[in-house]
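Chains X and E are the protein sequences, given in the same order. With our numbering, the residue at position 210 of the first sequence is 210, and numbering never jumps. Offset between the second sequence (1-based) and our numbering: plus 1000. Even glycine gets a Cβ: it sits at the ideal position worked out from N, Cα and C. Notes follow once the structure below has been shown.
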Amino acid sequence: MANATERREEAVSQEGMTYLESLPRRVATLYLPLGVFVFVLLFPFYWMVMTSIKSNAELISREGNPFWVVAPTLEHFRHLLVDTDYPSWMWNTVVVSVVSTFTSLAASVFAAYAIERLRFRGSKQVGLAIFMAYLVPPSILFIPLAAIVVKLGLFDTRWALILTYPTFLIPFCTWLLMGYFRSIPFELEECALIDGATRWQILVKIILPLAVPGLISAGIFAFTLSWNEFIYALTFISSSEVKTVPIAVVTELVEGDVYHWGPLMAGALLGSLPVAIMYSFFVEYYVSGMTGAVKE
Amino acid sequence: MTKLLNNRHFLGLLFMLPAAALLLVFLTYPLALGTWLGFTDAKIGRAGQWIGLANFRYLAGDSVAQLSLFNTLFYTVVASVLKFALGLWLALLLNRNLPFKSFFRAVVLLPFIVPTALSAIAFWWIYDAQFSVVSWALVKMGLIHRYIDFLGDPWNARLSTIAANIWRGVPFVAICLLAGLQTISPSLYEAAALDGATPWQRFRFVTLPLLTPIIAVVMTFSVLFTFTDFQLIYVLTRGGPLNATHLMATLSFQRAIPGGSLGEGAALATSMIPFLLAAILFSYFGLQRRKWQQGGRD
């Protein structure tokens, strides 16, 4: 009985003040604008898919309806995977993203724990400095970084990217994890300390298991950030076999003035697929990572 | 040793070490080096000599650099205002009682998560002078008679790149603001409605004040990202036609890497810093939580 009332109350609070609105009004103020938003936001993806499965003849024909495809073909994908270096670009992107994500995550866990929980002398200032570091855009760093990368002999290697991506990943992950660690009660740590646990044991056995959602959020977000990175990869890499997907599609698939739209779209689609799939599995984590970094 | 490891000051510094080392070598040092390079005549493969303000003086008189400053400000202001307006609208729509809410939220964020360079290629194709699907649709509807030259004409190119930037930025603004909206208790709206507040008044006196702190942070990020945007322009126009879409970031790349004048490029990049600081300070002091939100006076 109590349960039923509760459920009804829940339903009422879910609907809020919706009952004050008539259906036509709801269509005009909610469904119609939302439909337009969704259409505009998704159209480029639809267009990518359509273009990538059209034959060349169909792409340049002016007859018929461009929104549909008459004879779908996977020729562009075959061309991409067999005739170009696409598989190795993909592999480069995976290696660089995974390695830099895990490196940054490890460094950030220690940093965030130190700032938030050890509260060493000056930890407040360090925390602020981390936030400031997050605001430094890559566009003003790539020139001096290029000079450093060349000096270190890392130019045109994956290491150049693996070592520079943490400059934007660490500040982000640290800032996000600081928020998560803050939400873990101090008392848990105090109990462990009284029981004789070392700081290391506390970190590994208490804090980290409780912060798993935060670690996933930070990891997913960091992975997409490094997958999408453009300006460093464009500046520090010049040979085709070391390029990452976003760079390679833009620089290697465009030959002269003839644009091969089919392979270009197929390449863009394949390059977006890994992040899109990953995102679809971890939407909640991704969103909480994004909004968590902003809300603090 | 054990004693040292239980000292939180020592342990704290030890834990900070990996992050601090990476950031000092690859963030703080480059930041300083970049500023220094701006005052030198460094070229690729040649260490520079200190030449004082010569780079900045040259850039101040350079018509392309002036144009890039104008473009950057125009791009940032127009794109940010529209991203805010559309993002807030979308957030308000998604905050309403809606079937398949989480599905819509997930779908809406897609433009933000795919690599910008790759979605920019899709826009490049949509903006193609001969095969643009937008032109095709408009012609079929009888609204225009000739295909639009989206990226070939200076003002068309500026507006087209801004449109692509907005497309990518709206989801970010919307989802962040939605997270803010969800923290506002529905009972506030019910109380306001009982007191006879119109929907506009509910928005103006309940939603907006409670959302202001988040708006401040989100828009700071949005302005920073837009001001320093690089990849969208690089993919769509490379700064053309006639430098009409060069932003400061793309021009500094152009001058420094293909052009080889590291010093000049660094000077251009350094000149973005005051603008970024101004944006951060403005949002910090202008939009932070005000007294009137807690019932006090301004």
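> Can you pull the DSSP bridge partners for E/W1050?
Replying inline: E/T1040
>> Strictly under 8 Å for the Cβ-Cβ distance: is X/R158 near chain E by that measure?
In response: no
>> Please tell me whether X/L118 has its Cβ less than 8 Å away from any Cβ of chain E.
In response: yes
>> Just to confirm before moving on: does the CB-CB distance between E/Y1147 and E/S1160 stay below 8 Å?
In response: no
> Which one of X/I202, X/E229, X/G271 has the shortest CA to CA distance from X/L169?
Replying inline: X/E229
> What is the residue span of the alpha helix (DSSP H) that X/V204 lies within?
Replying inline: X/V204 -> no alpha helix (DSSP H), and no H or E assigned at all.
> Residues of chain E with CB under 9 Å from X/I148, in chain order?
Replying inline: V1025, F1026, Y1029, P1030, L1033
>> Would E/M1141 pass as an interface residue toward chain X - the criterion being a Cβ-Cβ separation below 8 Å?
In response: no
>> By the three-class DSSP mapping on this structure, what secondary structure does E/G1240 have?
In response: coil
> Unbroken beta strand (DSSP E) runs of length 3 or more, entirely within the segment 1176-1206 of chain E: which are they?
Replying inline: none
> What separation, rounded to the nearest whole angstrom, lies between the Cα atoms of X/T103 and X/F110?
Replying inline: 11 Å
> For the segment 1091-1106 of chain E, which residues have a CB atom closer than 8 Å to at least one CB atom of chain X, in sequence order?
Replying inline: L1093, L1094, R1096, N1097, L1098, S1102, F1104, R1105, A1106
>> Going by C-alpha to C-alpha distance, which of X/E190, X/S240, X/T174 sits closest to X/G127?
In response: X/T174
>> Is X/V126 close to chain E? Criterion is C-beta to C-beta, closer than 8 Å.
In response: yes
> Taking a cut of 8 Å between CB atoms, which residues from the segment 132-144 of chain X lie near chain E?
Replying inline: A133, L135, V136, P137, P138, S139, I140, L141, F142, I143, P144
> Could you give the C-beta distance for E/I1113 and X/Y279, rounded to a whole number, given that I count them as a contact under 8 Å?
Replying inline: 5 Å
> Under 7 Å Cβ-Cβ, which residues of chain E neighbour X/V242?
Replying inline: Near X/V242 there are no residues of chain E at all, since even the closest Cβ is about 17 Å away, more than 7 Å.
> Start and end of the alpha helix (DSSP H) containing X/P274?
Replying inline: 261-281
> Can you list the residues of chain E that X/W261 reaches, using a CB-CB cut of under 7 Å?
Replying inline: W1125
> Residues of chain X with CB under 7 Å from E/L1011, in chain order?
Replying inline: L118, R199
> Between E/T1040 and E/G1239, is the Cβ-Cβ spacing less than 8 Å?
Replying inline: no
>> Quick test of your reading: E/P1241 and E/P1111, contact by CB under 8 Å. State the CB separation rounded to the nearest angstrom.
In response: Not really, about 26 Å apart at Cβ, beyond 8 Å.
> Going along the chain, which residues of its own chain have a beta-carbon closer than 8 Å to the beta-carbon of E/F1282, five neighbours each way excluded?
Replying inline: none
> Does any residue of chain X bring its CB to less than 8 Å from the CB of E/W1200?
Replying inline: no
> Which residues in chain E sit within 9 Å of X/R182, going by Cβ to Cβ distance?
Replying inline: Simply none; closest approach about 16 Å.
> How do the segment 1114-1134 of chain E and the segment 1158-1176 of chain E stand: do at least 3 beta-carbon pairs fall below 8 Å, yes or no?
Replying inline: yes
> Would you report the Cα separation of E/N1007 and X/Y31, rounded to the nearest angstrom?
Replying inline: 59 Å
> Using a Cβ cut-off of 7 Å, which residues of the segment 65-91 of chain X contact any Cβ in chain E, in chain order?
Replying inline: P66
> Does X/S123 have its Cβ less than 8 Å from a Cβ in chain E?
Replying inline: yes
>> With three or more C-beta pairs closer than 8 Å as the rule, is the segment 1059-1068 of chain E touching the segment 1242-1255 of chain E?
In response: yes
> What does E/F1015 reach in chain X if we use C-beta pairs closer than 8 Å?
Replying inline: F110, A111, Y113, A114, L118
>> Could you tell me the alpha carbon to alpha carbon distance between X/F223 and E/H1009, rounded to whole angstroms?
In response: 32 Å
> With 16 other CB atoms within 10 Å as the buried threshold, where does E/A1019 fall?
Replying inline: buried
> Is it buried or exposed for X/G289, if we count other Cβ within 10 angstroms and need 16 for buried?
Replying inline: buried
> Going along the chain, which residues of its own chain have a beta-carbon closer than 7 Å to the beta-carbon of X/V95, five neighbours each way excluded?
Replying inline: R158
>> Between which residues of its own chain and X/S13 is the CB-CB distance below 6 Å, once the five residues before and five after are set aside?
In response: The pLDDT assigned to X/S13 is 47, lower than 50, so where the model puts this residue is not dependable; a value taken from the coordinates is nonetheless given after this. Closer than 6 Å at the Cβ level, and outside the excluded window around X/S13, lies no residue.
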